[in-house]
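Residues in the sequence shown are numbered from 9 upward in steps of one, following the working numbering. Where is the CB? At the ideal position from N, CA and C, for every residue including glycine. Quantities reported herein were computed from a predicted structural model and do not represent experimental measurements. Heads up, the thing below is written out as structure tokens.
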Amino acid sequence: MRLSLILPTYNEAQNIPVLLQRVHERTRPHEVIVVDDDSPDRTWEVAERLKAEYPHLTVLRRIGRKGLSSAVAEGCDMATGDVLVVMDSDLQHDPSLVTQLQHKIEAGADVAVASRYREGGGVGDWVRGRRWLSNFGTFLAQKLPNVETTDPMSGFFAVRTEAWKRARPLIVPEGFKILFELLAAMPRGSRIDEVPLQFQPRLHGESKLSLLVQVQFLKQAVRIGLRRIGVTGARAFALSVVFVSVTCAWRAWPLRTLYIDAGVRSAVTRQLRDVADAKGWLLSDIALRSVSSDGAITLMYSPHRRGPDSAECWMIPSTGEPIPCAD
């Protein structure tokens, strides 16, 4: 069976040459499709130059369209292989598993998942908060689709092209969890198989996990759950808004002064930039936790949000130096 490998990318210019080399050391795909969301670091241009070395490489540069799930969907829709394999491009997925996933499909599976949660798999050295979020999302996602897997949130999986085409009309390619969407669109009785995946640390670039991604997943879960019980249309939209609003209220309430006071927003922006410059932090590694009416803020700093659990809590008064939070 011919293999099509779909690689969604965003700011992976340093990773994509290494990944393609590793892929071709371990397997011989019929085609490789890089779907890039017009990356500021010009990942698409780096991939285009690699076509001389990998003639079966196709590069799709998407302009005006963004999102991991929609990128994967476009790549799968244009693929010509009999087996579609989707994997991240940040070197956290082991390319040697591509062939194992293909063999599972050739043996009769409709979908084969590289699972972090079956025996032999693992999530590596994720920080405690990231591990909790993943476990919660996995628990929720396991309850909604018609077919089961230990890791419905995995970004590394294979699907038989025929199965993809049958499920495609029900797939809404929004957010980051396209496998969850695919499993929810699969009919009961579909065959799912797994291989263990040891999640690897990122070598270059930054994690795409953010509050927005978490909200998108909650919306996706609500929509799929409502569809499963037959609630659609405007009523489903209204219930989704209520659910997401209530779920996120605990996070938004301590930051409410940011939304209603432009002066506080300006002061907090200046404080964050000052402390980041003084300590050599990246703004992307700072998570704002609370803001008081006088402009004092509490934040969590965690470099790259992955690796050893090294998150630090800091309090920054409206005037004065940052101080560590009291235990």
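Check	Outcome
Test item: CB-CB of residue 39 and residue 58 under 9 Å	no
Assigned exposure category for residue 100 - 16 Cβ within 10 Å defines buried	buried
Distance between residue 75 and residue 3 (C-alpha atoms, nearest Å)	Residue 3 is absent from the structure shown; the chain starts at 9 and stops at 335.
Burial state of residue 300, where buried means 16 or more other Cβ atoms lie within 10 Å	exposed
Identity of the residue in 296, 284, 32 nearest residue 329 by Cα	284
Residue range of the alpha helix (DSSP H) that includes residue 270	270 to 287
Burial state of residue 177 (16 or more Cβ within 10 Å)	exposed
Nearest-angstrom Cα separation, counted from residue 111 out to residue 117	9 Å
Spatial distance of residue 53 from residue 169 (CA atoms)	28 Å
Three-state secondary structure assigned by DSSP to residue 130	strand
Collapsed DSSP secondary structure at residue 27 in the structure displayed	helix
Contact check, residue 123 vs residue 42, beta carbons under 9 Å	no
Sequence-distant residues of the same chain with beta carbon closer than 6 Å to residue 30, five excluded per side	103
Close beta carbons around residue 179, own chain, < 7 Å, minus the five adjacent residues each side	81, 189, 190, 193
Close-in-space but distant-in-sequence residues of the same chain around residue 269 (CB under 8 Å, 5 per side omitted)	301
Which listed residue (89, 94, 88) has its alpha carbon closest to that of residue 79	94
For residue 189, the first and last residue of its enclosing alpha helix (DSSP H)	186 to 193
Residue 206 - partner residues in DSSP beta bridges	130
Own chain partners of residue 266 with C-beta closer than 7 Å, once the 5 adjacent residues on each side are dropped	272, 273, 276, 299
Residue 35 and residue 11 closer than 9 Å at C-beta	yes
Rounded straight-line distance, which links the Cα of residue 9 to that of residue 239	Because residue 239 sits at a pLDDT of 47, beneath the cut-off of 50, its placement in the model cannot be relied upon, and the following sentence gives the value as read from the coordinates. One C-alpha to the other measures close to 39 Å.
Proximity to residue 72 [Cα-Cα], best of 47, 324, 208, 293	47
Spatially closest choice to residue 107 from 295, 26, 282, 166, by CA coordinates	166
Within 9 Å, strictly: CB atoms of residue 205 and residue 92	no
Cβ distance (whole Å) where residue 120 is taken to contact residue 202 below 8 Å	7 Å
Exposure of residue 20, with buried meaning 16 or more beta-carbon neighbours within 10 Å	buried
Contact under 9 Å by Cβ, residue 196 with residue 154	yes
Own chain, CB closer than 6 Å to residue 295, minus 5 neighbours either side, in chain order	308
N-terminal and C-terminal residue of the alpha helix (DSSP H) that residue 39 is part of	Note, residue 39: premise wrong, no alpha helix (DSSP H); beta strand (DSSP E) at 39 to 44.
Proximity below 9 Å, CB of residue 186 to CB of residue 77	yes
Of the residues 24, 327, 289, 174, the one placed nearest residue 44, counting alpha carbons only	24
Residue 292 to residue 90 span [Cα, whole Å]	40 Å
For residue 77, three-class secondary structure by DSSP	helix
Residue burial classification, residue 327 (beta-carbon count within 10 angstroms, cutoff 16)	exposed
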